[in-house]
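A.B. asks:
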Amino acid sequence: MMASSYNAKEEDAHHSGASSHGGAGAVKSKKPDNTAFKQQRLPAWQPILTAGTVLPAFFVIGLIFIPIGIGLFVTSNNIKEFEIDYTGVKTDSPCYSCAKNVSWNNTTPCVCSMDFTLEQPFENNVYMYYGLSNFYQNHRRYVKSRDDSQLNGDLSALKEPSKECEPYRKSEGLPIAPCGAIANSLFNDTLELFHIDSNGTRNPVPLVKQGIAWWTDKNVKFRNPGANSNLTIAFQGTTKPVNWRRPVYELDPLNSDNNGFINEDFIVWMRTAALPTFRKLYRIISKKSGSNPTLSSGRYVLDVTYNYPVLSFDGRKRMILSTISWMGGKNPFLGIAYITVGSICFFLGVVLLIIHHKYDTRNNSPDIPN
Amino acid sequence: MTVPKDIPEKWFTVVLPLQRKKRLDGGKPKERRTEEERRVRANDREYNERFQYASNCIVTSKYNIITFLPVNLFEQFQEVANTYFLFLLILQLIPQISSLSWFTTIVPLALVLSITAVKDATDDYFRHKSDNQVNNRQSQVLIRGSLQKEKWMNVRVGDIIKLENNQFVAADLLLLSSSEPHGLCYIETAELDGESNMKVRQSVSVTSELGGPNNLASFNGEVVCEPPNNKLDRFCGTLYWREKKYALTNQNMLLRGCVLRNTEACYGLVIFAGPDTKLMQNSGRTKFKRTSIDRLMNTLVLWIFGFLVCMGVILAVGNAVWEREVGSLFQSYLPWDPPVDNFLFSAFLSFWSYVIILNTVVPISLYVSVEVIRLGHSYFINWDQQMFCSQCNTAAEARTTTLNEELGQVEYIFSDKTGTLTQNIMIFNKCSINGQTYGEVTDQLGTQPKRMDFSPFNPLADPDFCFYDDKLLESVKVGDSQTQEFFRLLSLCHTVMSEEKSEGELVYKAQSPDEGALVTAARNFGFVFRSRTPGTITTTEIGRTVTYSLLAILDFNNIRKRMSVIVRNPEGRIRLYCKGADTVLLERLHPCNQELMSITSDHLNEYASDGLRTLALAYRDLSEGEWEAWSENHRYADKASDYREDRLAAAYEEIEQDMMLLGATAIEDKLQEGVPETIAVLSLANIKIWVLTGDKQETAVNIGYSCKMLTDEMTEVFIISGHTVQSVRQELRKARETMIELSRTRDGGKEEGMERWGEACFMGNGFREGQEGDSTAAGGEGEGEEERGGGGRKQVRCTPPPSSSPNFMDISGDFALVINGHSLAHALEADMETEFVLTACACKAVICCRVTPLQKAQVVELIKKHKKAVTLAIGDGANDISMIKSAHIGVGISGQEGIQAVLASDYSFSQFRFLQRLLLVHGRWSYLRMCRFLCYFFYKNFAFTMVHFWFGFFCGFSAQTVYDQYFITLYNIVYTSLPVLAMGIFDQDVPEQRSLEYPKLYEPGQLNLLFNKREFFICIAQGIYTSVVLFFVPYAVLSDATQSTGVPLANYQTFAVTTATALVIVVSVQIALDTGFWTVINHVFVWGSLGSYFTIMFALHSQTLFRIFPNQFNFVVLRAHYCSRSCG
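For the record, the sequence lines run as chains X and Y.
Read in this note's numbering, the first sequence has 139 at position 139, and its numbers run on one by one without any break.
Numbers in this note's numbering are just positions in the second sequence, counted from 1, shifted up by 370.
Quick look at the structure:
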């Protein structure tokens, strides 16, 4: 018989029998590459948590966090804050009658005055906030009910607002500017502050209404449509939101930098809150020149033009005055949290140290080499 | 090559007178649905076309360019997970429900779908390519009397094609004629069944006379045969030609996938083409195996769905309450969307909204990541140099990529012996001739016996052959007739093919290595098998060339366990030579052999106890008359169309009688390298090893000892070899009693256990009375189970209760069980299997000998059923396939016995010793990595998703998300996917040497400790805890916080970004803590993920993006803001 190309598998030459040797050609070796990757021998760092590494970590965390916490807590405690609820739930509240009668289509403004006393003087810039409770600015349908294109001055969106704005998209056939539920529910109480001096006269406290919004909101996100020359013309063909008393181009007719979509009160409102109880910056009371405190201690009157109904859904309205430190406003939780975490770490460190010293019987235990 | 004088009977084609009329025009209707028989007429394309047989074009690809998208998508959406996400996507398109933009689902879904599609497409592209390559192979087709080149795909059923040496067979052909005498040709079937030896095929004699193309062009025979099927070794058909009928068998067929060898050319008639060929019919899909982690994962995913629905319901109820108490009053600011008119409807919608936003607890990326990790592990197995066998140039191969982590949980290994534990390289070691034993143990210590040099005596000797006993050669030289007859038998009675490349350089190709060893032994002792033709065998007997005419070959099969040849020597004397298993052969000897038989039996037992494989040899002289009578008989049986096999066996049985014993051979099958060490390591890892072998008990036990499965230190080795149900039961029970006895004496006994035992005994007695007399009744499983039946006719034995008792589990000490095939058959019966499992599983080692392939599978199934343990079957031969397929993990040894086992297996390599590396290193790591991966994966998604749940209580249950939608989209696919993948692929707890040095490290996998329901709940709890911290700390910090400019921080955007950033950092720290093996890749992925988060966050908050899409990216500009104020 003739030869054939028979590739015998290479066997140990000592075995006879079946493993006959044919013309064993040079077969390409299928041996896998000897690379560190393929052989799973990549150099690696194998961190092994031992008492020697974990215990110091606990102590270091503890020792860093506790001072930070104390610092934050002290700072927070030095911040002065004053809060007054002017919803008018109780009958003895000055705003009770206003709260009773207020509704969106009320044309005659209802004004009520709240007296209060500051025990301590407020130094530096004082910030005036309005706070709302039980108001769900974070509701899904509420959050999405806006048209950012329109607010950014897009002309087509001005005339044809996004569907997300429903049911505040069009009113009587005209597009609403600004559209949506957020804009529609714009907070429209007016708060004024008066200082009652020793002879009983009301001195108005000057309130700055610019610089209260986020810079990017004011300069990037919100823009008036058109060239910003004449807002009345720019907003022609649109209508005001249903609940509003004035159209958007009359929010601050005297100051073109604060009118229309770039009105800062409007911008502040449009930045939706994360939680149902929130506060929003309303005005800034600038520091006075000289050594006088911005708000000296004494009697004050808060005049509220009561327009915004919240009682129907059991909401609350507050006015807050606060000073600010390097860490922001009053926020005791942050300090407490740091102190707590730091203490727990420190405590655990001590406990583990004791356990380690008491029960560590492994002497020269076989360390697994790398 | 000598011209054969005679052709053996079995190769004669059966020529029968035409019995039934040809139904030439009685063609079948054109429908091809169920083909009952196939009719093919040679050289008549019009006729054959009427049947619309499949063409020879094969299509293994699934798609083409047009159908790819729809078909592939359809297939992918059959996966539950994908459909689920499609359903979510549809939900998101409903504006009232949509709590998330549609792209949060479609981006991951599209990513997953496209990755799968790309993989499918590449697979299919390669299939197209190989299809094309195969379909375009050239073959020579006889068309209108001349040979023309045709592509394979254009070959039709009924064509006659010409094949040349070393060509692949294009379709299933009926061999018509060949260039070799008698229409013979040789084929290699390696691609078909993996056997690399050559096989002979012969054409029907009438067609072999036709010879070349000229005559064949006018051949118009018609073949009627069975429809296409997948039986490789069977073909049944009839050729009608010139008013005559010829039976066709598999012997006449050349199957597609074979290669023509040692034959210049041959002609064949295409019977089955393309998809109808046996090769294609065999390429079925294999059963899909799933791992226990897979099943656990599916359960957990279902639970999570349940949990998801619960959360949805809680939040929906919350929504109903809120809408009634608050929302309805709040309508002046936020009216209900038009279809919603009451709080209940709103709650209903909010349920679906929450299902959408909470669906990330079961992220779509889970399944993809698991697949990726497994694929990585499979590659590591394929790449492992230490599982590469340089001798056979084969690397380990993970043929299934879905089972890796189960390799870390194996508790039972079922191993074949021959070829798996042993090398399956046979060495002629000893023999017994006429009551005289020859051959020394080759590896004796001390004096190394001299290796014999055959070359001066016999120039044709194989230089590789080793034998150490000169006496045998002396005996041959002296001319001892028995010894010569012994070797003559070995040189004649076999089916080996020889190849002589040059004078004296012989190469034998044997179907089994045993045969090769025996023929080689005969060659070295001067009886050289030179060549064979169908009718002759030519040998060189001590330098003298002798040609025997081969009258008949009585084939070997597993039932007969012997083979015989009938030859006529040049002097004209007819003799039958038979070799076979001693059990069958010794029964068929002439009574005068009694004395020799007893001596030889002793020798045989001696050999077997040395672990050698034995065969007995015998001959019988036949007179001319006896031969004539029998050959007539045989011819008749061969012709028979029904029960042909049985009739042939009966005919063989008839002549294999009254034989004269010549002696016995003993062949050594050497243990593979490293087997004892591997077994020792595996048993230290608490893996129980069962050897299932076809060998006889003595051989098996000896192999057991030599590979350290059985040791002298073992407390006891039980041998079960009963032939009846009762005796087997009794033996099993006795074994267990002894075990308990021994372990009690070791442990000092346990009172409690004793009490329980007594109790059970009492119960058993009561039960027994009711069952009196009905000893074999199959019954349910119960406490009294083993008390029933049994051999205890007279006395009621009291054995301890089954595994429910702690007593039984306390069995200590090393026991081993050896069970015979016939006993195993009883032990596997329904009413005894529990007893068998109980006894066998208490043993360290179990050896089942004389088992059939089916029993192997049954044993595996039994353990799977009763033990809930992961089983692994390892084997190399076709007889192991059933076992390999039924075990959880099948491992094929690519060794001497072809590749069928490998093809059926999930993992394959070439040495048994690689098993320890596969299990203890790769399996262990895979399990560890997969568990760590799953724990972390569930953790990170719960931490991520549960924040929405807490937020629900503060946003009026409105399904407002905490994070912005881009974060939700990218969280699972960008920010957190890669670090955990890197951990899942690369993590190592201990280096590989350690897991081999300390096999106990394997146990957590067997006990399923690293990922189970408990671990899952711990992960979930940790995830929920993280989500609580992630939500409430920012809540408390931000609710009153203002910036240093006095602007409050509690707006939605700040809250979202703070929480998201905290989440990404926390989750990254967690993966950093979980990762135990920080390679460069881990570093890159962990830091890269954090980096990508911040990069993408800043990009998304940039003014540019906002200017382009003010409505989509309204989360503008934290950075610009801070900068403008604080930077100047």
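A virtual CB, placed ideally from N, CA and C, is assigned to each residue, including glycine.
All figures in this text were calculated on a predicted structure; none of them were measured in a lab.
1) Given T1081/Y, which residues of its chain have a CB within under 8 Å of its CB, disregarding the five upstream and five downstream residues?
2) Assuming N505/Y is part of the alpha helix (DSSP H), what are its boundary residues?
3) According to DSSP, Y917/Y sits in a beta bridge with which residue or residues?
4) Could you tell me whether the stretch 1383-1390 of chain Y touches the stretch 1302-1318 of chain Y, using the rule of 3 or more Cβ pairs below 8 Å?
5) If you draw a straight line from the alpha carbon of N799/Y to that of D991/Y, how long is it in whole angstroms?
6) For S1173/Y and L1208/Y, what's the separation of their Cα atoms in angstroms?
7) Output, in chain order, the set of chain X residues within a Cβ distance shorter than 9 Å of T1412/Y.
8) Alpha carbon to alpha carbon, how far is Y1022/Y from T865/Y?
9) Please classify S1397/Y as buried or exposed, where buried requires at least 16 neighbouring CB atoms within 10 angstroms.
10) Please identify, using Cβ separations under 9 Å, the residues of the stretch 1441-1459 of chain Y that lie next to chain X, in order along the chain.
11) Counting only beta-carbon atoms, is Q446/Y nearer than 8 Å to chain X?
12) Please report whether the beta-carbon of L352/X lies at a distance below 8 Å from any beta-carbon of chain Y.
13) Under 7 Å Cβ-Cβ, which residues of chain X neighbour E1422/Y?
14) Is C179/X helix, strand or coil when you go by DSSP?
15) For a quick check, are the C-beta atoms of S103/X and G335/X less than 8 Å apart?
16) In three-state DSSP terms, what is Y129/X?
17) Can you name the start and end residues of the alpha helix (DSSP H) that R1384/Y belongs to?
18) Taking the alpha helix (DSSP H) that G1262/Y falls in, what are its first and last residues?
19) Please identify the residue among L1290/Y, V1403/Y, G1458/Y whose C-alpha is closest to the C-alpha of Q1376/Y.
20) For Y282/X, which of S291/X, K288/X, I267/X has the nearest alpha-carbon?
21) Would you identify the three-state DSSP class for Y168/X, choosing helix, strand or coil?
22) Given a cut-off of 8 Å on the beta-carbon distance, is the pair P175/X and T238/X in contact?
23) Using the Cβ count rule (16 or more neighbours within 10 Å means buried), how would you classify D92/X?
24) With distances taken between CB atoms, is the gap from T342/Y to C1219/Y smaller than 8 Å?
25) So, does the stretch 736-751 of chain Y touch the stretch 1013-1029 of chain Y, judging by three or more C-beta pairs under 8 Å?
26) Taking any Cβ of chain X, which residues in the stretch 1396-1411 of chain Y have a Cβ under 9 Å from it, in chain order?
27) Can you check whether the C-beta of W214/X is within less than 8 Å of a C-beta belonging to chain Y?
28) The ligand NAD and F837/Y: does the residue's C-beta get closer than 7 Å to at least one heavy atom of that ligand?
29) Whose CA, out of A1329/Y, G644/Y, N632/Y, lies closest to the CA of K144/X?
30) How big is the Cα-Cα spacing for G180/X and S723/Y?
31) Can you find a CB in chain Y that lies within less than 8 Å of the CB of D360/X?
32) Identify each residue in the stretch 760-774 of chain Y for which the Cβ-Cβ distance to at least one residue of chain X is less than 8 Å, and report them in chain order.
33) Going by beta-carbon coordinates alone, are E264/X and N258/X separated by less than 8 Å?
34) Classify I324/X: buried if its beta carbon has 16 or more other beta carbons within 10 angstroms, exposed otherwise.
35) In three-state DSSP terms, what is D303/X?
36) Applying a beta-carbon distance threshold of less than 7 Å, which residues of chain Y neighbour F313/X?
C.D. replies: The short version:
1) Counting only Cβ-Cβ distances below 8 Å, and skipping sequence neighbours, we find Y1075, D1184.
2) Where N505/Y is concerned, the enclosing alpha helix (DSSP H) stretches over 473-505.
3) One point to set straight first is that residue 917/Y is Thr, not Tyr, in the sequence displayed. When beta bridges are read from the DSSP output, T917/Y appears opposite T908/Y.
4) Put simply, the stretch 1383-1390 of chain Y touches the stretch 1302-1318 of chain Y. At least three CB pairs are less than 8 Å apart.
5) Near 28 Å, if we compare the C-alpha coordinates of D991/Y and N799/Y.
6) Here the model assigns S1173/Y a pLDDT of 39, short of 50, so the residue's position is not dependable, and the following value carries that caveat. Using only the alpha carbons, I get a separation of about 7 Å.
7) What T1412/Y touches in chain X: Y127, Y129, R279, L281, S322, I324, G328, G329, K330, N331.
8) C-alpha separation (whole angstroms): 17 Å.
9) Per the 10 Å Cβ criterion, buried.
10) Of all residues in the stretch 1441-1459 of chain Y, A1442, L1443, T1445, G1446, F1447, W1448, T1449, V1450, I1451, N1452, H1453 have a Cβ within less than 9 Å of some Cβ in chain X.
11) Not an interface residue.
12) For L352/X, the answer is no, since every Cβ of chain Y falls outside 8 Å of its Cβ.
13) According to the sequence displayed, residue 1422/Y carries Tyr and not Glu. Ordered by position in chain X, the residues that pass the 7 Å Cβ test against Y1422/Y are N138, V143, T272, A273, A274.
14) Looking at C179/X - three-state DSSP - the assignment turns out to be coil, as it is neither helix nor strand.
15) The Cβ atoms of S103/X and G335/X do not sit closer than 8 Å to each other.
16) Y129/X falls in the strand class under three-state DSSP.
17) 1383-1409 is the extent of the alpha helix (DSSP H) around R1384/Y.
18) Note, G1262/Y: premise wrong, no alpha helix (DSSP H); beta strand (DSSP E) at 1259-1263.
19) A check of alpha carbon separations from Q1376/Y across L1290/Y, V1403/Y, G1458/Y identifies L1290/Y as the nearest.
20) Among S291/X, K288/X, I267/X, the Cα nearest to that of Y282/X is on I267/X.
21) DSSP places Y168/X in coil when its eight states are reduced to three.
22) Cβ atoms of P175/X and T238/X: closer than 8 Å.
23) Under this definition D92/X is an exposed residue.
24) Examination of residue 342/Y is not possible in this model, given that chain Y is present from 371 through 1498 alone.
25) Touching, no.
26) Across the stretch 1396-1411 of chain Y, CB contacts with chain X closer than 9 Å involve V1403, P1404, Y1405, A1406, V1407, L1408, S1409, D1410, A1411, in sequence order along the chain.
27) True, the Cβ-Cβ gap to chain Y drops below 8 Å.
28) For the structure depicted, the ligand NAD is absent and the ligand set is empty, with no information on it obtainable.
29) In this structure, A1329/Y is the residue among A1329/Y, G644/Y, N632/Y with its C-alpha nearest to the C-alpha of K144/X.
30) Going by the C-alpha atoms only, they are around 21 Å apart.
31) With 8 Å as the cut-off, D360/X does not count as an interface residue toward chain Y.
32) So the list reads S760, Q761, C762, N763, T764, A765, given in the order they occur along the chain.
33) It is a contact, given that the beta carbons lie within the stated cut-off.
34) Looking at its Cβ environment, which holds 16 or more other Cβ atoms inside 10 Å, I324/X is buried.
35) D303/X falls in the strand class under three-state DSSP.
36) Neighbours of F313/X on chain Y, chain order: V696, L699, F700.
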